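Participant:
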Amino acid sequence: MTALAESVAGAGGVAPENPVRPARRGGGAWRFAVLGLLGLYFLVPIAASVWFTVRDRGTGGFTAEYYTSIPGSDGFAESFTRSLVLAALTVLIALVLMLPTVVLVNLRLPRLRTTVELLTLMPLVVPPIALVVGVRSVLAWAPDYFLDTPLADVFFAIQEPELPWILVFVYVVLALPFVYRALDAGVRGADLRTLTEAARNLGASWPRVLLWVVLPVLRTSVLNAAFLTLALVLGEFTFANILGFETFPTWILRISGSEPQLSVAVSVLSLLVTWLLLLMISALDRRRGTKENP
Amino acid sequence: MLTALGAAPFFLYVGVFLLLPIAVLAVEAFRATDPVTFEETWSTASVSAVTEGVYRRAYLGSLQLSLITALLSAVLGLALAVAILRARRGRLLRRLVLTASGVLANFGGIPLAFAFLATIGTAGVVTRLLTETFGIGLGGFSLASMTGLGLVYLYFLIPLMVLTIVPALEALRPQWREASDNLGASGWQYWRHVGGPVLLPPVLGATMLLFASAFAAYATAKALVGSSVPLVTLQIADALSSNVVVGAENLGKALALGMIVVVGLVMAFYAWIQRRTQRWLA
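As you go down the protein sequences, you meet chains A and B in turn.
If you count the first sequence from 1, position 162 lands on 161 in numbering that gives the first Met the number 0, and the numbers rise without skipping.
If you count the second sequence from 1, position 236 lands on 235 in numbering that gives the first Met the number 0, and the numbers rise without skipping.
(1) Rank A:D284, A:S266, A:A282 and A:L283 by C-alpha distance to the C-alpha of N105 (chain B) and give the top, closest one.
(2) Please tell me whether T219 (chain A) and G5 (chain B) are closer than 9 Å, where the distance is taken between their beta carbons.
(3) To the nearest angstrom, how far is the alpha carbon of A181 (chain A) from that of G14 (chain B)?
(4) Relative to chain A, which residues along the stretch 245-276 of chain B have a C-beta separation below 7 Å, given in chain order?
(5) Pull out every residue of the stretch 25-45 of chain B whose Cβ sits closer than 7 Å to any Cβ of chain A, in chain order.
(6) Let me check understanding here. Comparing Cα to Cα, which of A:L276, A:R285, A:N105 and A:E161 lies closest to R192 (chain A)?
(7) Measuring only the C-alpha atoms, how far is V49 (chain B) from I69 (chain A)?
(8) Any C-beta of chain B sitting closer than 9 Å to the C-beta of R192 (chain A)?
(9) Taking buried to mean at least 16 other C-beta atoms within 10 Å of its own C-beta, is M266 (chain B) buried or exposed?
(10) Report yes if the CB atom of A238 (chain B) is closer than 9 Å to the CB atom of E248 (chain B), and no otherwise.
(11) Going by DSSP in three states, F268 (chain B) sits in which element: helix, strand or coil?
(12) Taking a cut of 7 Å between CB atoms, which residues from the stretch 26-37 of chain A lie near chain B?
(13) Less than 9 Å between the beta carbons of L116 (chain B) and A222 (chain B), yes or no?
(14) Note down the Cα distance separating P110 (chain B) from S269 (chain A), rounded to an integer number of angstroms.
(15) Under DSSP, the alpha helix (DSSP H) around W190 (chain B) begins and ends at which residues?
(16) Kindly list the residues whose CB is nearer than 8 Å to the CB of R24 (chain A), restricted to its own chain and excluding five residues on each side of it in sequence; keep chain order.
(17) Name, please, each residue of chain A whose Cβ falls closer than 7 Å to the Cβ of I67 (chain B).
(18) Between which two residues does the alpha helix (DSSP H) harbouring E27 (chain B) extend?
(19) I'd like to know whether the C-beta atoms of P126 (chain A) and V53 (chain B) end up nearer to each other than 9 Å.
(20) Closer than 7 Å by beta-carbon distance: list the chain B residues that pair up with S48 (chain A), in chain order.
(21) Candidates B:S241, B:S240 and B:A215: which alpha carbon is nearest L230 (chain B)'s?
(22) Compare the Cα-Cα distances from S255 (chain A) to each of B:G251, B:G225, B:Q234 and B:T132 and report the closest residue.
(23) Is the stretch 40-52 of chain A close to the stretch 116-133 of chain B, with three or more CB pairs under 8 Å?
(24) Starting from E131 (chain B), follow the alpha helix (DSSP H) in both directions and report where the run begins and ends.
(25) Suppose the cutoff is 8 Å on Cβ atoms and the five residues either side in sequence are ignored; what does the same chain contact list for V131 (chain A) look like?
(26) List, from N- to C-terminal side, the alpha helix (DSSP H) runs of 4 residues or more that fit wholly inside the stretch 194-269 of chain B.
(27) Spell out a yes or no on whether the stretch 154-166 of chain B and the stretch 61-78 of chain B are touching, meaning 3 or more CB-CB pairs, one atom from each, closer than 8 Å.
(28) According to DSSP, simplified to helix, strand and coil, what is T121 (chain B)?
(29) Can A205 (chain B) and A170 (chain B) be called in contact, C-beta distance under 9 Å?
(30) Compute the distance between the beta-carbons of A213 (chain B) and Y152 (chain B), then report whether it is under 9 Å.
(31) Leaving out the 5 sequence neighbours to the left and right, which residues in its chain are closer than 8 Å to E38 (chain B) when beta-carbon positions are compared?
(32) Would you please state the rounded distance, in angstroms, between the beta carbons of V212 (chain A) and A230 (chain A)? I believe it to be under 8 Å.
(33) Curious, which full-length alpha helix (DSSP H) runs of at least 4 residues does the stretch 154-242 of chain A contain?
(34) Quick one, which residues of the stretch 86-110 of chain A are near chain E if we go by CB-CB under 8 Å, in chain order?
(35) Pull up the distance between the alpha-carbon of A282 (chain A) and that of L276 (chain A), whole angstroms please.
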């Protein structure tokens, strides 16, 4: 989860038009040292992982067997599907919750801005494992205090191992910093005040304005937020592990003991998936950029 | 009045799924369950237990690891960011490094641990290569140690630093450097009196984010070391899954509360520094 904090700095490729200080006298040796050393550090594990998974230990040749065996391996389809469903639900709830909030805070309730901003930043600094201990304590109320009440039934229902809704609810909290920042940037960039006032004057209700004016205007920000949340949920381990649900990352850890090559192959693929997701975000950003400054 | 209600779902949601768990944690860390009668009482037993012995070592281990990795990756990430921004024909390089940073900062947790196991684990590619060519292997180095963990943490912390600090570096105007050059200042003087002070708050903020990330990291450590290295996150997981130790659940809560207190103290320190530097810059 730590990883996703990158979007705090603005997701995707940040490509300035001009370098900070173009063409300068000498003194570039340290630059090559830094680039070379770090380049090596970042490339070697990826190259080694690929090598580890395509080499056949027995014959010494190459094999794609570990990659082709992923879809059929025990528990993969189940856990990966579950993670995808969790991700989709998280994206949906996060957007439904945050879109009206961000618009309201920007247009009508600027006084609440600092509070909302602070609250959405909290998940970045509160360690997820501390939060999950708290969530577990609350969930333990059901058998301890609420037994045989409707509330206890709700508590048990959201802990169904097939589709653990409780994970969706906490993943929304983890996604708040990214969703808020992405949507807020979008709202600030667009002239929403004029558009919403025009729509309101023409007699549109607030829900209608949100759905037919705000959503289309902010579509790139919304997609941006959605992709970041998707990447976050697909990689989240702490909550699923501590609460005892099997998702994609906990599945990788479970099979690693018996099938090391398979677990590394899946890891390489998940790097590829992250890369593709972020590529889509930066493509979106670039499209928006060109549209705004032709 | 009605518009204020529009923000209610957000506050309700955050209240239930973020603030309530933290509040419950803060209260229940001071509760104890009698092992015989199952009666609950107020007690500071758990909270004082986590400041001693193995738990104290775990806190110190976590603090040490996250402090060192945060500082190291702050320095290396800053160097990398400066290097790519200054590149003469560097547009391609800059794009490449920034995109890679975006990907690698997101490449934490379980997959990262396995990438390193495949590289320098006991059966890793590099380990075998070294053993076959030099016959020495990694010379006693193990991934399942503080150093090993630190090496892995840098893999997502450095890209995170690059991403958070590049916008701040871009905000340094070339004119400031030109002005200081024209006034006869040396490179060191420029950084000491102009660049450094302007960059200090964002660099500190980014370092704090790195610290919080490293301090909270659980997945990578879990996959790499099990529980052989003293870390708070691993101790919490152990306490929660233990059916043996009486009151382990409360110990877990006290440990988690301690983590929040540590992060809170770091935040307070950061806010204090921020206020001071802002006054000074103004």
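C-beta atoms are modelled at their ideal positions from N, C-alpha and C, and glycine is treated no differently.
Computed from a predicted structure; not experimentally measured.
Facilitator: Straight from the coordinates:
(1) N105 (chain B) has its Cα closest to that of A:S266, out of A:D284, A:S266, A:A282 and A:L283.
(2) Between T219 (chain A) and G5 (chain B), the C-beta spacing is not below 9 Å.
(3) The straight-line gap from Cα to Cα measures roughly 22 Å.
(4) Within the stretch 245-276 of chain B, G251, K252, A255, M258, I259, V262 and M266 place their CB atoms closer than 7 Å to a CB of chain A, listed in sequence order.
(5) For the stretch 25-45 of chain B, which is checked against every Cβ of chain A, the residues closer than 7 Å are E27.
(6) Checking every option, the nearest Cα to that of R192 (chain A) belongs to A:N105.
(7) Their backbone Cα atoms lie some 43 Å apart in a straight line.
(8) At a cut-off of 9 Å, the C-beta of R192 (chain A) has no neighbouring C-beta in chain B.
(9) Burial call: exposed.
(10) Taking C-beta atoms as the reference points, A238 (chain B) and E248 (chain B) count as a pair closer than 9 Å.
(11) F268 (chain B) falls in the helix class under three-state DSSP.
(12) Cβ contacts with chain B: R30, V33, L34 and L37.
(13) Yes.
(14) So the alpha carbons of these two residues sit roughly 7 Å apart.
(15) Element bounds for W190 (chain B): n/a, residue is neither H nor E.
(16) The predicted position of R24 (chain A) is uncertain, since its pLDDT is 48 and thus under 50; no value can be drawn from it.
(17) None at all; the shortest Cβ gap to chain A is about 16 Å.
(18) L19 to E27 is the extent of the alpha helix (DSSP H) around E27 (chain B).
(19) No. Outside cutoff.
(20) Neighbourhood of S48 (chain A) in chain B, by CB distance below 7 Å: A114, A117 and T118, in chain order.
(21) Scanning B:S241, B:S240 and B:A215 for the CA closest to the CA of L230 (chain B) turns up B:A215.
(22) Just measuring C-alpha positions, the residue of B:G251, B:G225, B:Q234 and B:T132 sitting nearest S255 (chain A) is B:G225.
(23) Yes, since at least three Cβ pairs between the stretch 40-52 of chain A and the stretch 116-133 of chain B fall closer than 8 Å, the two stretches touch.
(24) Here the alpha helix (DSSP H) through E131 (chain B) covers V124 to F133.
(25) Once the five neighbours on either side are set aside, the close Cβ partners of V131 (chain A) are V169, T237, F238, I241 and L242.
(26) List check, alpha helix (DSSP H) in window: 195-215, 218-224 and 231-240.
(27) The answer is yes - the stretch 61-78 of chain B touches the stretch 154-166 of chain B, with three or more Cβ pairs under 8 Å.
(28) Three-state result, T121 (chain B): coil.
(29) Not a contact, by the Cβ cut-off of 9 Å.
(30) Yes.
(31) For E38 (chain B), the CB contacts under 8 Å within the same chain, skipping 5 residues up- and downstream, are T32 in chain order.
(32) Between V212 (chain A) and A230 (chain A) the beta-carbon gap is near 29 Å, outside 8 Å, which marks them as no contact.
(33) Fully enclosed alpha helix (DSSP H) runs of no fewer than 4 residues occupy 164-188, 191-200, 205-208, 218-234 and 237-242 of the stretch 154-242 of chain A, in order along the chain.
(34) The structure shown contains no chain E; its protein chains are A and B.
(35) Rounded to the nearest angstrom, the gap between the Cα atoms of A282 (chain A) and L276 (chain A) is 10 Å.
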